[in-house]
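Novice:
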Amino acid sequence: MTYFSVFQEMNVNCSLWQENSLSVKRFAFAKFSEVPGECFLLFTIILFMFLVSLTGNALITLAICTSPALHTPMYFFLANLSLLEIGYTCSVIPKMLQSLVSEARGISREGCATQMFFFTLFGITECCLLAAMAFDHCMAICSPLHYATRMSPGVCAQLAIVSWGTGCIVGLGQTNFIFSLNFCGPCEIDHFFCDLPPVLALACGDTSQNEAAIFVVAVLCISSPFLLIIYSYVRILVAVLMMPSPEGRHKALSTCSSHLLVVTLFYGSGSINYLRPKSSHSPGIDKLLGLFYTAVTSMLNPIIYSLRNKEVKGALRRTLGLKKVLIMNR
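Letter 205 of the sequence shown, counting from 1, is numbered 205 in this note's numbering, and no numbers are missing.
1) Is D195 buried or exposed, if buried means 16 or more other CB atoms sit within 10 Å of its CB?
2) When burial is assigned at 16 or more other CB atoms within 10 Å of the CB, is K340 buried or exposed?
3) If you measure between the beta carbons of C221 and V170, is that distance less than 8 Å?
4) Quick one, which of A28, L265 and C65 has its alpha-carbon nearest L78's?
5) Taking a contact to mean a Cβ-Cβ separation below 8 Å, would you say H259 touches M133 in this structure?
6) Assuming the contact rule is C-beta atoms closer than 8 Å, L200 and E188 should be a hit. Round their C-beta distance to whole Å, please.
7) Can you tell me the Cα-Cα spacing of R318 and V234, whole angstroms?
8) Between the alpha carbons of T255 and T44, how many angstroms are there, rounded?
9) How many Å lie between P197 and S208 at the Cα?
10) With DSSP run on the structure shown, which of helix, strand or coil describes S21?
11) Tell me which residue opens and which closes the alpha helix (DSSP H) that F27 is part of.
12) State the start and end residues of the unbroken beta strand (DSSP E) segment that holds G106.
13) Locate the alpha helix (DSSP H) running through S224, then write down its first and last residues.
14) Mind checking Q219: buried by the 16 CB within 10 Å criterion, or exposed?
15) Around the C-beta of D206, are 16 or more other C-beta atoms found within 10 angstroms, so that it is buried, or is it exposed?
16) Please work out which residues of its chain come closer than 8 Å, Cβ to Cβ, to M151, disregarding the five sequence neighbours upstream and downstream, and give them in chain order.
17) Given a threshold of 16 other Cβ atoms within 10 Å of its Cβ, counted over all protein chains shown, does L202 qualify as buried or as exposed?
18) Taking 7 Å as the cut-off, is the CB of A295 close to at least one heavy atom of the ligand NAD?
19) Where does L300 land, buried or exposed, given buried means 16+ other C-beta within 10 angstroms?
20) Quick check for students: name the residue ranges of the alpha helix (DSSP H) that lie wholly in the region 142-223, counting only runs of 4 or more.
21) Helix or strand or just coil, what does DSSP make of P244?
22) Could you name the residues of the same chain whose beta carbon sits closer than 6 Å to that of S57, not counting the 5 residues immediately before and after it, in chain order?
23) Quick check on this structure: which residue in E110, V101, T61 and F122 has the alpha carbon closest to the alpha carbon of S91?
24) Would L47 and F32 qualify as a contact pair, given that the criterion is a beta-carbon distance under 8 Å?
25) Using C-beta distances below 7 Å, list every residue in its chain close to S232, excluding the 5 sequence neighbours before and after it, in chain order.
26) For the candidate residues A160, H71 and C128, whose alpha-carbon lies nearest to that of I229?
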C-alpha cells in the first residue's frame, strides 16, 4: 500500500512518495542569506559576471570562426573552450539567479539530474581540453618542424571529440549512478546547484560505492589530464631553456602564459573541492569554490585570452568593427 505525505521546509514544498522506502521527488536549494539586501547584492554581482562571461566567450568564438588567420590548432581549442564555458555557466547560473530573488528555490528530481549531467559534462570536458591545449603548446615549441603533421586538423578534431565524448560518458555514468539511489529527505541541497557531493549527501542507505566512484573519476579525469599538462610544461621548460635567444624564450613563454593562468584557476578550485578528504568538506567553503569555478573562472577566461593575446584582440576589433558597419548599413 502506498502512502503520501507532504511537508514544507524553508517555504519550499517537497513531495515524497513511498514504495518500501521514501524517495524525494523534488529538491530545494539552500538560501544564500536571510537578509534580502545581501541576496540582491549577490544577484547583481553574479548577473554581471554571467553577462560578461556570455559576451566574452561568444565574442571570442565568433572572432575565431570569422578570422582565417586564427584557424590554427591553438585557436581551434580556444573556440571549443569558449563554447564550453557558455554551456557551463548556462547550466548553473540562471537557476542560481532565480533562487536569489525568489522563494521558488525548488527543482524537480529530473531537473536536478539534468543540471548535474551538463555540469559534469562541461567540467570533465574542460579538463580534457586544457590537457589538449597543453599538448598543442608542447608540440609547437618542442617539435616545430613536425608540428603541422602532428597537430593536423584531423588530429585536433579527434582530440576535441575525445574530450567531449569523455565528458558525456562520465556525466551520464555519474548522474545515473547517483539518481538510481533513493533520497529519503531532507529535500534541501546545501548548495546553489546540483553538484555531486551535496546531492549524494541526501541519499539514504550506503553511498560508499558512489563516493568511491566520484573519487576515482576525479583522479582519472582531473588528475590524469593535470599530470599530462605538467609533463607538457616540463618539456616546454626544457626546450625554452635550450633556446639561444632571449627573444625566442620570451615568445615561447608568453604563448603559454594565458593557458597556464587558466589552468591554475580551474584546477586550483576544482582539485580543492573534489580531491580533498570528505571530513574536511565545509558547506560554506564548498559553495564559495562552486561559485568560483562556475562564475568567476568562466568570466576571467575570455578576459585572460583577449588581454594577453594580440591575435585575439585584433580579431575581436575586426569582429566588432564589422558588426558596427552592418548595423550602420541597416
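A virtual CB, placed ideally from N, CA and C, is assigned to each residue, including glycine.
Specialist: In short, the structure shows the following:
1) buried
2) Residue 340 lies beyond the stretch modelled for the chain, which goes from 1 to 330, so this question has no answer here.
3) yes
4) C65
5) yes
6) About 14 Å; that fails the 8 Å criterion.
7) 36 Å
8) 35 Å
9) 12 Å
10) Per-residue confidence for S21 stands at a pLDDT of 39, beneath the threshold of 50, marking its modelled position as unreliable; the derived number appears in the next sentence. DSSP places S21 in strand when its eight states are reduced to three.
11) Note, F27: premise wrong, no alpha helix (DSSP H); beta strand (DSSP E) at R26 to F29.
12) G106 to S108
13) S224 to L241
14) Per the sequence shown, the amino acid found at residue 219 is Val instead of Gln. Exposed, because fewer than 16 other Cβ atoms sit within 10 Å of the Cβ of V219.
15) exposed
16) P73, D136, M139 and A140
17) buried
18) Summarising the ligand content, the structure contains no ligands, and the ligand NAD is consequently not present.
19) buried
20) 147-150, 153-179, 196-200 and 208-218
21) coil
22) The question names Ser, but residue 57 in the sequence shown is Asn. Hits under 6 Å: S82, E85, I86 and P302.
23) F122
24) no
25) A134, F135, H137 and C138
26) C128
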